[in-house]
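Enquirer: Chains as they are written, first to last, in the working numbering: chain A, 1 to 132; chain B, 1 to 132.
Note that the Cβ used here is the ideal one computed from N, Cα and C, for glycine as well.
Handing you a structure now.
There are 2 protein chains.
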Amino acid sequence: MDSDDVSPLGYDAFRRTCPSHTVLEMLASKWVYLTVCALRRGRLRNGELARKMEGITPKMLTQTLRVLERDGLVRREVFPVIPPRVEYELTELGQNLAGLLSQIRSWAEEHAPEIKEARARASADHDEMAVS
Amino acid sequence: MDSDDVSPLGYDAFRRTCPSHTVLEMLASKWVYLTVCALRRGRLRNGELARKMEGITPKMLTQTLRVLERDGLVRREVFPVIPPRVEYELTELGQNLAGLLSQIRSWAEEHAPEIKEARARASADHDEMAVS
DNA sequence: ATATATAGGTACCCTATGGATAGTGATGAC
DNA sequence: GTCATCACTATCCATAGGGTACCTATATAT
């Protein structure tokens, strides 16, 4: 009952040259997921985002935020004070996406145990092969 | 009304060592998106998948399918005939995920024009900077 | 006066991944 | 005989992800 075929407007993410394909490429990043989820509740500063996303390096954080800003999902506001203060917030488009990405995140958290087991089984099978 | 904080089971995708974080990493791939979406309507053969996903190389297709199989999202069935015949289908877990990923795909297709415009604006601004 | 901390980055490098190309084995079609 | 099908596998290369160090400017601490 939905979008297994081509969308009504002729956009088709399966086609390499379709704009929607490049959108999918942009979304296919764990830092994009997490950044959008992190900003879902409201505006945050660079440092707050960095602390929230364990393991992200300043470079990757900046890079991710620049991409999200470029694509109109995030708004960046600079306060000309010292020390510098920069805040990020989702645009309406970003809010819209955040709902979906949060669902993915919830799904990942809910099904993590199952997938962990599946991986364990897979590597057990692999070891068995090595023995036989 | 949902998962902005830690999930009830203590899983938190923002933590690098959390299993759900690695699940998110696995999902963060355009080929994973597209493969799961492609299999949504039913089982397909390797060649059918390759033809459906424009631009995927045999290596990436195999790699993606192996990951999905390892994580219990896809079932692989080999028919010992010549020429070889291999079919892939979503498991229940995979079906479950496919609903969400299809929504992302629809979102990408619906909002592609907006994002295209945002990108155009961004590069126009960039050019302006270069001139001034 | 000097050193440190904060804040939000940039510059540089290095490895891992994505992606392109070519090859494999067994068969049937032309 | 040679070409195509089918589902891969192997090899190579370019790019992207990721780590570390450094930058500006000020307030605070010593």
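Looking at P19 of chain A: is its Cβ nearer than 9 Å to the Cβ of A112 of chain B?
Expert: yes
Enquirer: Give the list of continuous alpha helix (DSSP H) stretches no shorter than 4 residues that lie fully inside the region 24-111 of chain B.
Expert: Counting only runs of 4 or more, we get 30-38, 46-52, 58-70.
Enquirer: Report the residues of the region 70-104 of chain A with a CB closer than 7 Å to any CB of chain B, ordered along the chain.
Expert: Taken in chain order, the members of the region 70-104 of chain A whose beta-carbon sits within less than 7 Å of a beta-carbon on chain B are R70, D71, G72, L93, L97, L100, S102, Q103, I104.
Enquirer: What are the residues of the region 18-35 of chain B that lie near chain A, defined by any Cβ-Cβ distance shorter than 7 Å?
Expert: P19, S20, V23, L24, E25, L27, A28, S29, K30, Y33, L34
Enquirer: Under a Cβ-count criterion, where at least 16 other Cβ atoms within 10 Å of its own Cβ denotes burial, should E117 of chain B be classed as buried or exposed?
Expert: exposed
Enquirer: Report all residues from its chain with a CB closer than 6 Å to the CB of L34 of chain B; omit the five preceding and five following residues, and keep chain order.
Expert: These residues qualify, in order along the chain: M53.
Enquirer: Between R43 of chain B and E87 of chain B, which are expected to be in contact by the criterion C-beta below 8 Å, what is the C-beta distance as a whole number of angstroms?
Expert: 5 Å
Enquirer: At least one CB of chain B closer than 9 Å to the CB of A13 of chain A: is that the case?
Expert: yes
Enquirer: Grab me the residues of L97 of chain A's own chain with a C-beta within less than 7 Å of its C-beta, minus the 5 sequence neighbours each way, in chain order.
Expert: V36, L73
Enquirer: Quick one, which of A:E48, A:T62, A:W31, A:E25 has its alpha-carbon nearest V32 of chain B's?
Expert: A:E25
Enquirer: Does the CB of E48 of chain B have a neighbour CB from chain A at under 9 Å?
Expert: no
Enquirer: So what does DSSP say about A120 of chain A, is it helix, strand or coil?
Expert: If DSSP states are grouped into helix, strand and coil, A120 of chain A belongs with the helices.
Enquirer: Under three-state DSSP, which class holds D125 of chain A?
Expert: DSSP, reduced to helix, strand and coil, places D125 of chain A within a helical segment of the structure shown.
Enquirer: Taking CB distances under 9 Å as the criterion, tell me whether M60 of chain A reaches chain B.
Expert: Cβ-Cβ to chain B under 9 Å: no for M60 of chain A.
Enquirer: For the 8 Å Cβ check, are there 3 or more pairs between the region 101-112 of chain A and the region 57-64 of chain B?
Expert: Below 8 Å, too few C-beta pairs join the region 101-112 of chain A and the region 57-64 of chain B to call them touching: fewer than three.
Enquirer: Compare the Cα-Cα distances from R76 of chain A to each of A:N46, A:R51, A:I56 and report the closest residue.
Expert: A:N46
Enquirer: Please go through the same chain and pick out, in chain order, the residues whose beta-carbon is closer than 7 Å to the beta-carbon of T22 of chain B, but skip the five residues on each side of it.
Expert: Sequence-distant partners of T22 of chain B (beyond 5 residues in either direction) whose C-beta falls short of 7 Å from its own C-beta are missing from its chain.
Enquirer: Using alpha carbons as the reference points, say which of A:R70, A:R51, A:R85, A:K30 lies closest to I115 of chain B.
Expert: A:R70
Enquirer: Assign T17 of chain A to one of three DSSP states: helix, strand, or coil.
Expert: Coil.
Enquirer: Against chain A, does A124 of chain B count as a neighbour if the rule is that its beta carbon must be under 9 Å from one of theirs?
Expert: no
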